[in-house]
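Some notes on the structure that comes next.
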Amino acid sequence: MRIIQNQTFDEERALYGSSDILVKDCAFDGPADGESAFKECRNVQAEHDFFNLRYPFWHDHGLIIRDSEMTELCRAALWYSDHIEITDTRLHGIKALRECSEVKMSGCDIISPEFGWSVRGIEMKDCTAQGEYFMMRSDHLRFDHVQLKGKYSFQYIEDSVFEDCVFDTKDAFWHAKNVVVRNSVVKGEYLAWYCENVTFENCKIIGTQPLCYCKGLKMINCEMLDADLAFERSEVKAEITTPMISIKNPYAGRITVPAVEEIIRDDENAKGEIIVRNQNGCGGAKKACVCA
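Mapped onto our numbering, the consecutive letters of the sequence shown carry residue numbers 410 to 701.
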């Protein structure tokens, strides 16, 4: 493996088409403002590098990036690439990861609007992230101990598992399919509308109007806080452990809850069963529920 160390590159396509290289303690920055430094490369390792120019890793195969920094000016850093490992790295440019496959990330700090679109097969562990439309239209995600703050996250994702995560993001998981979220906190408005075959297990759900228009929704031993107008037109099997503000027109299935202030039944097609374990917990809606 050829070693490139302690150099600065600012020209266009500085290392275009390279293979089997270790680039260490280098900076991609300067007045020439060149882009696409590693385009069409193979088997590249980048360690303790500084990226301040656009589009550094496009159409690459086999990337290892460690202990590096990608600034706000490092736009669209990784596109159309595969077999990527990124550890202990800051990714702070917009659209940092798109249309890539087989990606592993750990110990990273992500500040990137439109991060992770159309990615197939990403494992993310012990990372923090901020951004809008995070991971849209991606599939086969495996997240472990990830903290996210954003908006419109995980829209249209499929076949994914999230464990021990904290997500503070409105409109998350819209149109998601075949997703499991375990032992996690999910805070935000309008959670997971139009999702299909999504399971929340041992989770804390916080926010208004969650889980509407869902199919095949499962909730196992979950807390729901500040939850009003929940489950509208959803097919759901839910075991809720905390009192709720209101439940509205669940279409099918069964919801078990210790108490609920209001149950709204103004749609004749809403046949979902609501079991309130505390006989005094129906508020003014006793006639609209089954008390156990």
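Ideal Cβ positions, reconstructed from N, Cα and C, are used throughout, including at glycine.
{"Query": "Buried or exposed, going by whether 16 or more other CB atoms sit within 10 Å of the CB of Y425?", "Result": "exposed"}
{"Query": "Starting from K433, trace the beta strand (DSSP E) both ways and give me its first and last residue.", "Result": "428–433"}
{"Query": "Could you give the distance in angstroms between the alpha-carbon of R463 and the alpha-carbon of R686?", "Result": "58 Å"}
{"Query": "Does W583 come out as helix, strand or coil in the three-state DSSP assignment?", "Result": "coil"}
{"Query": "Please state if the CB of A486 and the CB of F466 are separated by a distance shorter than 9 Å.", "Result": "yes"}
{"Query": "Which of the three DSSP states is assigned to K680 in this structure?", "Result": "coil"}
{"Query": "Assign A441 to buried or exposed, taking buried as 16 or more other Cβ atoms, counted over all protein chains shown, within 10 Å of its Cβ.", "Result": "exposed"}
{"Query": "Going by other Cβ atoms of all chains shown within 10 Å of its Cβ, with 16 needed for buried, is E641 buried or exposed?", "Result": "buried"}
{"Query": "Do A538 and D518 come within 9 Å of each other at the CB atom, strictly closer than that value?", "Result": "yes"}
{"Query": "According to the neighbour-count rule (16 or more other Cβ atoms, all chains shown, within 10 Å of its Cβ), is E682 buried or exposed?", "Result": "exposed"}
{"Query": "For V555, collect the residues of the same chain with a Cβ closer than 7 Å to its Cβ; drop the 5 residues on either side in sequence, then sort them by chain order.", "Result": "M533, C536, A538, C574"}
{"Query": "Per DSSP, what kind of secondary structure is L620 in: helix, strand or coil?", "Result": "coil"}
{"Query": "State buried or exposed for Y542, treating a residue as buried only when at least 16 other CB atoms are found within 10 Å of its CB.", "Result": "buried"}
{"Query": "Leaving out five residues before and five after Q416 in sequence, what residues of the same chain have Cβ atoms less than 7 Å from its Cβ?", "Result": "C435"}
{"Query": "Starting from L482 and walking both ways along the beta strand (DSSP E), at which residues does that stretch end?", "Result": "Counting along the chain, L482 falls outside any beta strand (DSSP E), and DSSP gives it neither H nor E."}
{"Query": "By Cβ distance, which residues of its chain are closer than 6 Å to E598, with the 5 residues on each side in sequence left out?", "Result": "K579, G616, T617"}
{"Query": "By Cβ distance below 8 Å, which residues in the same chain neighbour Y561 in space, the five residues on each side in sequence not counted?", "Result": "E541, Y542, F543, M545, T578, K579, D580, A581, W583"}
{"Query": "Taking V645 as part of the beta strand (DSSP E), name the residues at either end of that continuous run.", "Result": "644–649"}
{"Query": "Could you give the DSSP three-state label for A436: helix, strand or coil?", "Result": "strand"}
{"Query": "So, helix, strand or coil for R411, using DSSP?", "Result": "strand"}
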